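Novice: Chains as they are written, first to last, in this note's numbering: chain A, -17 to 281; chain B, 4 to 417.
In this text, a Cβ means the ideal position worked out from N, Cα and C, and glycines have one as well.
Note that the structure is a prediction, hence the values are computed from the model and not measured.
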């Protein structure tokens, strides 16, 4: 019998880590696009939302949970790639507000179209894992099969992305074309394809995040489901450093735990206020993020 | 330059025609006749000043004041004859155009963008309602000033870190603020009235001099749309006058240089963080003013109005109108005021189910689509495109207002 596992503090930590993995995963998808193409994608929540609807609502009649997950991720890849080719490609080298405005427009269009087709009410995506907390000596631990599924998926995806970038030839090409596109082109890297691949990967990671969020018994899938996650994910990415995938994940988990305590000990309305406060203070102290190397800019 | 240029003849002619029409419409009383004569005199004098080339060159501030005064007086006279619905639309659009010109200044001047101006409007709107509920006797102008000051303060706190950074930090942070605004209001719900929002106290009556000028008998705040429209128009005129001067001032020029080439700006001694924070604070203050006027027009404020969707709509209409320009903000305000009517017209024309999903989402689909199309194909918006077309017809090189990357330029004459 270990009473520490069922204590209030421990359950806040566990619940915070679960939320934090979601924030970190979403922040990772933001960082992937930012690093590869220098665009902060404001439709980063809406695009995966749309592909999740396509995969998990349209095909839910024909297939079970797991084939639908695969279809949703495939739809995410497709949407990410076509968006980069058709929409974002016009915007490289333009003033920095142009991609921001266009992606905000895309965000509105996707959310409105999704609400027009599937209505703005929630769709539940029953996951095969039970959301009922484990019990220890008659008391609940803030852990269930579902939260283990969330954390496990998050860790697997993060590891896969790390392996891809660090250990494979493709990852080297991706990093090279983000860092030095001209040199990479001269060395035979297809930079254009790498940019598209960056968007494909990022939307894929985003889709997995959305599936985890929407499979939650208490949320369900709505057109606006990712708006709040976007806010927390952006805060995590900015605190950790938009340049740093590891920083984004760690900041996501840290913010998740901190906010869980705020929600438990203060109240739930204070969560986003504290999150904004963390962002303001952290940008004042470390403008480039906690985990980012000091950056210089070429004139 | 002859003493009677064709433009002046046109202005004088228009004034005479307007005078004749007004006298045919039949005036209710001598008081109205006096008010209208004063209005006509201001329009004629203002029109003459605006069109005089030497005056434009020598006293630009005077000409800007005359432009704003003329436009406001013309609109005030018009509200006297408009229906209550038109008055309400006009007031809503005018208050929105204040918000838009603030955002235009932020983007046109510093090259950054805010996705949270709907929330800053909300700050102004709620401060206005809260103050009026606690101190009903405060003059409305003072309450407006307090709302603006609070909007500026929130903008300063939020913008201080983000505006110091290059890149999309300000946009992301303002988006987080806009998404969070509902929860923020809820955490102060003993002041903000929770989900129901707040009503303005009905004892507040308009100042009598303005009422008597337009022949109204001491109306209550809740009933008189024309009076509310008039107050909104006057405030709009003053706000645009200040903004026109700011655009043309040394500060405005310095900010445009920052937008086009921040390294060059730093080299000529402009403090980047200070200029960017200033631009953001001005834009937040203008948004708060617009929101406070909305509270006044509607006599109430509801938290659901100031959702993230409003911030996005603000961005859409300012980009479609022409971001970074003053006429663009006016066009955007007009689009906003009539967008709901146009969309319901489309719904009835196409025979859509008005209660259906598609009809309720048409607003977002149309505005989002227009936002993308405008930004990719005509980033200058309607105002910029019209100006471009006009200059091409005159076979003069058009000043490319919205595209940096023309290389380093130095601030002229500063």
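Which residues of the region 90 to 123 of chain A have a Cβ closer than 9 Å to any Cβ of chain B? Give them in chain order.
Specialist: From the region 90 to 123 of chain A, only 90, 91, 92, 93, 94, 95, 96, 97, 98, 99, 100, 101 and 102 have a Cβ closer than 9 Å to chain B.
Novice: If you run the structure through DSSP and keep just helix, strand and coil, what is residue 284 (chain B)?
Specialist: Residue 284 (chain B): helix per DSSP, three-state reduction.
Novice: Here's the rule: buried if 16 or more other CB atoms are within 10 angstroms of the residue's CB, otherwise exposed. What is residue 85 (chain A)?
Specialist: So residue 85 (chain A) counts as buried.
Novice: List, in order along the chain, the chain D residues whose C-beta lies closer than 7 Å to that of residue 209 (chain A)?
Specialist: Of the protein chains in this structure, namely A and B, none is chain D.
Novice: So is residue 250 (chain A) in contact with chain B if we call contact Cβ pairs under 9 Å?
Specialist: It does: the Cβ of residue 250 (chain A) has a partner Cβ on chain B nearer than 9 Å.
Novice: Quick one: Cα of residue 241 (chain A) to Cα of residue 247 (chain A), how far?
Specialist: Going by the C-alpha atoms only, they are around 10 Å apart.
Novice: Just to confirm, is the Cβ distance from residue 419 (chain B) to residue 173 (chain B) under 9 Å?
Specialist: In this structure chain B extends from 4 to 417, so residue 419 (chain B) is not present and cannot be described.
Novice: Between residue 261 (chain B) and the rest of its own chain, which residues show a CB-CB distance below 8 Å, the 5 nearest in sequence each way excluded?
Specialist: Within the same chain, residue 261 (chain B) has close Cβ partners 112, 113, 114, 268, 273, 275, 278 and 279.
Novice: Give the secondary structure of residue 182 (chain A) by DSSP, where H, G and I count as helix, E and B as strand, and everything else as coil.
Specialist: In this structure, residue 182 (chain A) counts as helix in the three-state DSSP scheme.
Novice: Please report the residue range of the beta strand (DSSP E) in which residue 125 (chain A) lies.
Specialist: Where residue 125 (chain A) is concerned, the enclosing beta strand (DSSP E) stretches over 121 to 126.
Novice: Quick one: Cα of residue 211 (chain A) to Cα of residue 75 (chain A), how far?
Specialist: When rounded, the distance between both Cα atoms is 29 Å.
Novice: With 9 Å as the limit, tell me which residues of the region 18 to 36 of chain A have their beta carbon closer than that to any beta carbon of chain B; keep them in chain order.
Specialist: Those residues of the region 18 to 36 of chain A that come within reach of chain B (Cβ to Cβ, closer than 9 Å) are 20, 21, 22 and 24.
Novice: At the level of alpha carbons, what is the spacing between residue 121 (chain B) and residue 258 (chain B)?
Specialist: For residue 121 (chain B) and residue 258 (chain B), the distance between alpha carbons rounds to 24 Å.
Novice: Does DSSP classify residue 252 (chain B) as helix, strand or coil?
Specialist: In this structure, residue 252 (chain B) counts as coil in the three-state DSSP scheme.
Novice: Where DSSP assigns a beta bridge to residue 394 (chain B), which residues make up the other side?
Specialist: Beta-bridge pairing links residue 394 (chain B) to no other residue.
Novice: State the CB to CB distance for the pair residue 55 (chain A) and residue 150 (chain A), rounded to an integer number of angstroms; the pair is presumed to be in contact (CB under 8 Å).
Specialist: With a Cβ gap of about 19 Å, residue 55 (chain A) and residue 150 (chain A) do not count as contacting.
Novice: Could you give the distance in angstroms between the alpha-carbon of residue 67 (chain A) and the alpha-carbon of residue 318 (chain B)?
Specialist: Cα-Cα distance, rounded: 25 Å.
Novice: Tell me where the alpha helix (DSSP H) around residue 200 (chain A) begins and ends.
Specialist: Per DSSP, residue 200 (chain A) belongs to no alpha helix (DSSP H) and is neither H nor E.
Novice: Out of curiosity, what's the CA-to-CA distance linking residue 227 (chain A) and residue 13 (chain A)?
Specialist: Going from the Cα of residue 227 (chain A) to the Cα of residue 13 (chain A) covers about 6 Å.
Novice: On the CB-based measure, 16 or more other CB atoms within 10 Å of its CB, does residue 44 (chain A) come out buried or exposed?
Specialist: Under this definition residue 44 (chain A) is an exposed residue.
Novice: Looking at the structure shown, is residue 255 (chain A) part of a helix, part of a strand, or coil, going by DSSP?
Specialist: DSSP places residue 255 (chain A) in helix when its eight states are reduced to three.
Novice: Taking only runs of the alpha helix (DSSP H) that begin and end inside the region 50 to 137 of chain B, which ones reach a length of at least 4 residues, in chain order?
Specialist: Qualifying alpha helix (DSSP H) stretches, in chain order: 56 to 61, 63 to 84, 87 to 113 and 120 to 137.
Novice: Please confirm if residue 179 (chain B) has its CB atom under 9 Å from at least one CB of chain A.
Specialist: It does; some Cβ of chain A falls within 9 Å.
Novice: For residue 73 (chain A), tell me which candidate among A:112, A:128, A:105 and A:23 has the shortest Cα-Cα distance.
Specialist: Here the closest residue by C-alpha is A:23.
Novice: Checking contacts by CB at 9 Å: is residue 66 (chain A) closer than that to chain B?
Specialist: No, residue 66 (chain A) lies away from the interface with chain B (no Cβ there is under 9 Å from its Cβ).
Novice: Under three-state DSSP, which class holds residue 206 (chain A)?
Specialist: Here residue 206 (chain A) sits in coil by DSSP.
Novice: Counting only runs of 3+ residues fully inside the region 91 to 162 of chain A, write out the beta strand (DSSP E) ranges in chain order.
Specialist: Fully enclosed beta strand (DSSP E) runs of 3 or longer: 115 to 118 and 121 to 126.
Novice: Give me the Cβ distance between residue 78 (chain A) and residue 170 (chain B), rounded to the nearest whole Å; I'm assuming they're in contact under 8 Å.
Specialist: Confirmed, about 7 Å.
Novice: Under the DSSP definition of a beta bridge, which residues are partnered with residue 304 (chain B)?
Specialist: Paired residues: B:201.
Novice: Can you find a C-beta in chain B that's less than 9 Å from the C-beta of residue 132 (chain A)?
Specialist: It does not: the Cβ of residue 132 (chain A) has no partner Cβ on chain B nearer than 9 Å.
Novice: If I'm right that residue 322 (chain B) touches residue 384 (chain B) with Cβ under 8 Å, what's the distance once you round it to whole angstroms?
Specialist: Indeed, because the Cβ distance is near 6 Å, the residues count as touching under 8 Å.
Novice: Just how far apart, CA to CA, sit residue 124 (chain A) and residue 217 (chain A)?
Specialist: Going by the C-alpha atoms only, they are around 25 Å apart.
Novice: For residue 382 (chain B), is the classification buried or exposed, using 16 other Cβ atoms within 10 angstroms of its Cβ as the cut-off for buried?
Specialist: By the neighbour-count rule (16 or more Cβ atoms within 10 Å), residue 382 (chain B) is buried.
Novice: Please return the same chain residues whose Cβ sits closer than 7 Å to the Cβ of residue 314 (chain B), not counting the five positions on each side in sequence.
Specialist: Cβ within range, chain order: 118, 119, 120, 121, 122 and 181.
Novice: Are residue 96 (chain B) and residue 336 (chain B) closer than 9 Å when you measure CB to CB?
Specialist: Result yes, Cβ atoms of residue 96 (chain B) and residue 336 (chain B) sit closer than 9 Å.
Novice: Could you work out which residues of chain A lie near residue 382 (chain B), taking near to mean beta carbons separated by less than 7 Å?
Specialist: 80, listed in chain order.
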